[in-house]
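What follows is one structure encoded as structure tokens, with my remarks underneath.
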Amino acid sequence: QRLRDPAWPAGPVAVFGADGAPSGLGSVDHSGLLSPQRLFNR
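Adding 1391 to a residue's 1-based position in the sequence shown gives its number in this note's numbering.
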């Protein structure tokens, strides 16, 4: 998934759902592409 704001720094990120609950961990590359690394069981 490509992020809409190119100002995000590259590196590891936490991913949250629409309800604000943590959904997992991911990684953003320098081009703004978000790749899920680990999703939490909910």
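Cβ coordinates follow ideal geometry from the N, Cα and C atoms, glycine included.
- Spatial neighbours of Ser-1418 in its own chain (CB-CB distance under 6 Å, excluding positions within 5 residues in sequence) are listed in chain order as Pro-1403, Ser-1426 and Gln-1428.
- In the displayed model, Gly-1423 falls within coil according to three-state DSSP, outside both helix and strand.
- Just so you know, the alpha carbons of Leu-1416 and Leu-1424 end up roughly 14 Å apart.
- Boundaries of the beta strand (DSSP E) harbouring Ala-1405: 1402 to 1407, taken from the DSSP string.
- Per the DSSP secondary-structure output, Ser-1418 pairs in a beta bridge with Pro-1403 and Ser-1426.
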